[in-house]
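Below: the structure, in structure tokens.
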Amino acid sequence: MNLKSKSLLINSILIAITTSLITTILHEGAHYVTALAMGVPAELHHNYVSTPDETLLQTATIISAAGPLFSLLFGILALVISVRLVQISLFKLFMLWLGMQGVLTFFGYLLIAPIAAEGDTGKVFSHLGFPIYLSAAIAVISFIFINKAFSRLARYFAFYKAEAFSDKNEDCRQLLTYPIFASIILVTLLNLPVIIWVSLLPTIFMPMTYFATMGAYKRLKITGNQVVIDKISIPLSILAAVTALLFRYLV
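Numbering-wise (numbering that gives the first Met the number 0), the sequence shown opens with residue 0 and increments by one.
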């Protein structure tokens, strides 16, 4: 395999996996910090935070809401940084993925709320007394919104190219197609073992939202200069390894 011609692919896979793990760690960290701030003893794990069974319902609801809300705010901030960066670089691409991961985490939990009462938003909706039809309506609206939003973000992937003469299909495969599948498979494996099955739903199904971005990318008319990614980033490789080790340490 010509590593130079696959550098965009390798970097993109590293970015997709690393940003997914960072988002999850920060998401669970938000639950953990909120619990401690409210005087609730908690334990931080890689994909969940455990609290005592006797925790007051209202307190537990606030703790549950903290993760998705933090993910949304953090995701928006990362997206703003990425969009405003003038220089086209792997850092800009990294922040784009990081922002999308954060936003997706929030809306993804809204999507699974009707079928996952044990999830963050499922617990919040239950405490608020939301009927199932309202949860389902919110899920449908969230699905439409996130697909439209991610389709609009496709143009920011058009700044990157695998090789000087690679076509758009090859660039799309390296930028989105293979990284999406790699993220689903590898991050799911890193999440094992799980306490409850619902914790795997976001990991498996949320990244599929990126197919909306991929579809919109394929419809783009790409003009202008693009940056050829022909080197595998050493700092990114180190960050990916450290993040994966930290994630597993929290098991």
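For glycine and all other residues, C-beta sits at the position ideal for the given N, C-alpha and C.
- Here the region 10 to 22 lies against the region 167 to 183, with 3 or more beta-carbon pairs under 8 Å apart.
- Taking 8 Å as the cut-off, the beta carbon of A65 is found no closer than this to the beta carbon of L97.
- W196 and Y177 have their alpha carbons spaced roughly 25 Å apart.
- Between Q225 and Y159, the C-beta spacing is below 8 Å.
- Bridge partners of V226 according to DSSP: Y159.
- Assignment of S134 by DSSP, reduced to helix, strand and coil, places it in the helix class.
- Leaving aside the five residues that flank F246 on each side, the residues in its chain whose CB is nearer than 8 Å to its CB run, in chain order, L20, T23, I24, H45, L189.
- DSSP places G66 inside the alpha helix (DSSP H), whose first and last residues are 56 to 83.
- The C-alpha of L235 is placed about 7 Å away from the C-alpha of L13.
- Contact between S63 and K122 holds: their C-beta atoms lie close to 4 Å from each other, under 8 Å.
- Around the beta-carbon of V241, fewer than 16 other beta-carbon atoms lie within 10 Å, marking it exposed.
- Taking C-alpha positions only, V186 is separated from T202 by approximately 7 Å.
- Remark: C-beta atoms of G101 and Y108 do not approach each other more closely than 8 Å.
- Between the region 38 to 52 and the region 208 to 225 there are fewer than three C-beta pairs closer than 8 Å, too few to call the two in contact.
- Contact annotation: L89 and N10 have beta-carbon atoms nearer than 8 Å.
- Cβ-Cβ distances below 6 Å link F156 to L174, Y216 in the same chain, with the five nearest sequence neighbours on each side left out; the list follows chain order.
- L68 and T33 have their C-alpha atoms roughly 12 Å apart.
- With distances taken between CA atoms, K147 lies nearest to T208 out of D170, T208, T104.
- Within the region 163 to 209, there are no complete beta strand (DSSP E) runs of at least 3 residues.
- According to the DSSP assignment, K3 belongs to no alpha helix (DSSP H), since it is labelled neither H nor E.
- Around the CB of I233, fewer than 16 other CB atoms lie within 10 Å, so the residue is classed as exposed.
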